[in-house]
Amino acid sequence: LSAATRGRGLHGSWASRWTFIMAATGSAVGLGNIWKFPYIAGENGGGAFVLVYLLCILLVGMPIMVAEVMLGRRGRQSPINAMRFLTEEAGLHGAWHAIGWLGVTAGLMILSYYAVIAGWALYYIGEMASGTFLGASAEQAGEIFGELLADPQELIFWQSIFMVLTIAVVIGGVTRGLGVAVRILMPMLFVLLLVLLGFSIQRGDFAQGFSFLFSFNAEALTWAGVLEALGHAFFTLSLGMGAIMAYGAYMPEHARIGRTVLAVGVLDTLVALMAGLAIFPIVFANPAIEPGAGPGLMFVSLPVAFGNMTGGLLFGSLFFVLVTVAAWSSAISLIEPAVAYLIETKRFNRLTANLLLGGIAWVVGLGSVLSFNVWEEKRLAGFNFFEFMDFLTSSVMLPLTGLFIALFVGWLMRPDTVRRELEDETHAVFSAWRWVVRYLSPFAVLVVFVLGVYKTFA
Ligand code: PHE
Ligand code: NA
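Going by the UniProt record's numbering, the sequence shown opens with residue 6, and the numbers climb by one from there.
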């Protein structure tokens, strides 16, 4: 069976590289950029953390993304089965296809808390539109957010709505509709980030926000922080869990993977940096908000901006609509690999697969809901439940899967197969990429992982 034939049966075939870019961007750009990047940068002291994060994107994330797209295109099946096929093709036995399993599990675990946070964004659409934040001070915004967190029923309600939205799309088959979301709504999100940036420049402490993000303050950085930056590079690019591999299955035979990945990586990074540049000037202009405030950072700082700008009612509600859409297209890619696996191998139909997997992610998500209120004091290895899930997925599972992928592509796949899959790249680009994937990425991930985990618990 040729790769193209394998692909057609299950997924249909996408017209162009452009469609892949849209799906991959839809997956990549999400809560990771707008919610998570600013708050973990804030917790880790800014500057040096941001630099390490950018290096991880460039030297580890994007090269591994090339590897994942390539594996997905060659495998042309759900990640678990693709890895099984590729393992056999490389003449290997043993546990290599477990890469697929690890990834699919990580996806569901991420989805469990992703839906909870996306639920906050959903809730904020209505709060923005109804004028709750009009003229709000940072203290008031903090109180309103605190009240939301203290109310498990409210959180569960919005978490459930988001989960239903997600599986509704996946039940319908993912490729339809995703294009519209990315082509029209993502640019709108970008424009609204510019509006926010304008407000921050005018009314926030832009100089301090800027220097917080971009001046190299190495004292603030720890090995635990470096691991968090590395993990976030995987998280934000949707790597290490099969999402990009699954979409790679739609990539046309002759399309340059290298520049495609570059486009996605640059877009994703741009959105994250813009979110950071919009948020921190507001943080520094309001002593009631700490840079290290944690997961609530954007939900307290941005309402202050929207509540005090002209047209804030409209911009604010639209902004949270767009954040929800961005989260939505990411959530779809978190569940799709697992759904595809159940359909391909276990003869599930789409509906049952979605209900089962969405149900599991929803139940696990309840743990994260409760970790913001009733279970606030409960600790697992020093973390609350949400933090534990986040650490386990972002800082452990995604980097390890990424490491295995780099080793698989760099050392185990036949070099001529790899070269043939990437035959449209120039010799220089290919050699540089191969060197990075063979030596630099695995070494970096291994060192950062071992030191980071050790220091996190030491
Ligand atoms: N990349 C998404 C974000 O930044 C999250 C995600 C992670 C999606 C892993 C799919 C896979 O929000
Ligand atoms: Na992202």
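Idealized CB from N, CA, C, for every residue including glycine.
Spatial neighbours of residue i in its chain, beta-carbon cut-off 6 Å, leaving aside the 5 residues before and after
i: Ile161; result: Val374
i: Lys460; result: Trp228 and Ala229
i: Gly35; result: Ala331, Ala332 and Ser335
i: Trp19; result: Residue confidence is low: Trp19 scores 46 on pLDDT, short of 50, so the model does not pin down where it sits. Its coordinate-derived value is still stated next. Answer for Trp19: Tyr255, listed in chain order.
i: Gly214; result: Phe285, Pro286 and Phe289
i: Gly415; result: Val442 and Arg443
Supposed close pair residue i, residue j - CB separation, criterion 8 Å
i: Ile130; j: Ser338; result: Not really, about 22 Å apart at Cβ, beyond 8 Å.
i: residue 464; j: Ile365; result: Residue 464 lies beyond the range of the chain shown here (6 to 463); nothing can be said about it.
i: Ala95; j: Leu327; result: Their Cβ separation, rounded to whole angstroms, is 43 Å, which puts Ala95 and Leu327 out of contact at 8 Å.
i: Val74; j: Ile262; result: 5 Å
i: Ala411; j: Ala72; result: 6 Å
i: Pro43; j: Asn378; result: About 23 Å; that fails the 8 Å criterion.
i: Met303; j: Tyr118; result: That pair is no contact at about 16 Å.
i: Val458; j: Val231; result: Wrong, their Cβ atoms sit about 11 Å apart, outside the cutoff.
i: Tyr346; j: Ile85; result: 5 Å
i: Phe221; j: Ala53; result: 5 Å
i: Phe320; j: Leu198; result: With 8 Å as the limit, Phe320 and Leu198 do not qualify as a contact, their Cβ atoms being about 11 Å apart.
i: Phe204; j: Met314; result: 5 Å
Cutoff 8 Å; reference residue i; Cβ partners in own chain excluding five residues on either side
i: Ala293; result: Ser142, Ala143, Glu144 and Gly147
i: Leu318; result: Met133, Ala134, Gly136, Leu139 and Phe311
i: Leu64; result: Val441, Leu445, Ser446 and Ala449
i: Val269; result: Ile26, Ala29, Thr30, Ala33, Met70 and Leu242
i: Trp380; result: Gly372, Asn389 and Phe390
i: Trp106; result: Ile85
i: Arg22; result: Met256, Pro257, Ala260, Arg261 and Thr265
Rounded straight-line distance, which links the Cα of residue j to that of residue i
i: Trp333; j: Gly387; result: 30 Å
i: Leu127; j: His98; result: 46 Å
i: Met256; j: Met168; result: 28 Å
i: Tyr57; j: Leu235; result: It is Val, not Tyr, that sits at residue 57 in the sequence shown. Cα-Cα distance, rounded: 8 Å.
i: Gly124; j: Gly178; result: 23 Å
i: Ile176; j: Gly51; result: 40 Å
i: Val344; j: Ser399; result: 21 Å
i: Ile26; j: Glu382; result: 42 Å
i: Leu194; j: Val309; result: 18 Å
i: Ala111; j: Tyr252; result: 17 Å
i: Gly184; j: Leu272; result: 16 Å
i: Phe413; j: Gly108; result: 15 Å
i: His16; j: Ser83; result: Because His16 sits at a pLDDT of 45, beneath the cut-off of 50, its placement in the model cannot be relied upon, and the point is left open.
i: Ser165; j: Phe396; result: 23 Å
i: Gly363; j: Gly407; result: 25 Å
i: Ala280; j: Arg188; result: 20 Å
i: Leu427; j: Ala212; result: 44 Å
i: Leu282; j: Ala225; result: 19 Å
i: Met246; j: Ala87; result: 13 Å
i: Arg13; j: Arg79; result: Here the model assigns Arg13 a pLDDT of 39, short of 50, so the residue's position is not dependable, and the following value carries that caveat. The straight-line gap from Cα to Cα measures roughly 13 Å.
i: His102; j: Arg89; result: 5 Å
i: Pro209; j: Phe324; result: Just to set this straight, residue 209 is Gly in the shown sequence, not Pro. Approximately 19 Å, taken between the alpha carbons.
i: Gln207; j: Leu201; result: 10 Å
i: Pro404; j: His237; result: 9 Å
i: Ile249; j: Thr92; result: 18 Å
i: Thr265; j: Pro68; result: 12 Å
i: Val455; j: Leu76; result: 27 Å
i: Phe409; j: Val368; result: 29 Å
i: Phe150; j: Glu392; result: 18 Å
i: Arg81; j: Leu244; result: 17 Å
i: Gly316; j: Pro192; result: 19 Å
i: Gly301; j: Leu60; result: 26 Å
i: residue 464; j: Gly66; result: Here the chain has residues from 6 to 463 only, and residue 464 is not among them.
i: Leu451; j: Val401; result: 11 Å
i: Phe353; j: Ile172; result: 15 Å
Close-in-space but distant-in-sequence residues of the same chain around residue i (CB under 7 Å, 5 per side omitted)
i: Glu48; result: Gly297 and Gly299
i: Ser306; result: Ile284, Ile287, Val288 and Ile294
i: Ala186; result: Gly31, Val330 and Ser334
i: Leu116; result: Ala336, Leu339, Ile340 and Ala366
i: Val55; result: Ala46, Leu218 and Phe219
i: Val372; result: Here the sequence assigns Gly to residue 372, which means Val is not the residue at that position. Once the five neighbours on either side are set aside, the close Cβ partners of Gly372 are Phe390.
i: Leu190; result: Leu327 and Val330
i: Val121; result: Leu160, Gln164, Gly370, Ser373 and Val374
i: Asn38; result: Thr241, Asp273, Val276, Ala277 and Ala280
i: Leu170; result: Trp333
i: Ala155; result: Asn378
i: Leu356; result: Ile176
ask   = Near the ligand NA, which residues have their beta-carbon less than 5 Å from any of its heavy atoms, given in chain order?
value = Ala33, Gly37, Asn38, Thr241 and Asp273
key: Whole alpha helix (DSSP H) elements within the stretch 304-390, 4-residue minimum   = 317-351 and 355-376
ask   = Which runs of the alpha helix (DSSP H) spanning at least 4 residues fall entirely within the stretch 415-447, listed in chain order?
value = 420-426 and 432-440
message = Quick check on the DSSP output: what are the complete alpha helix (DSSP H) runs of length 4 or more inside the stretch 192-263, in order along the chain?
response = 211-219, 228-241 and 248-253
key: Complete alpha helix (DSSP H) runs within the stretch 50-137 (minimum length 4 residues, chain order)   = 52-61, 67-80, 84-94 and 103-134
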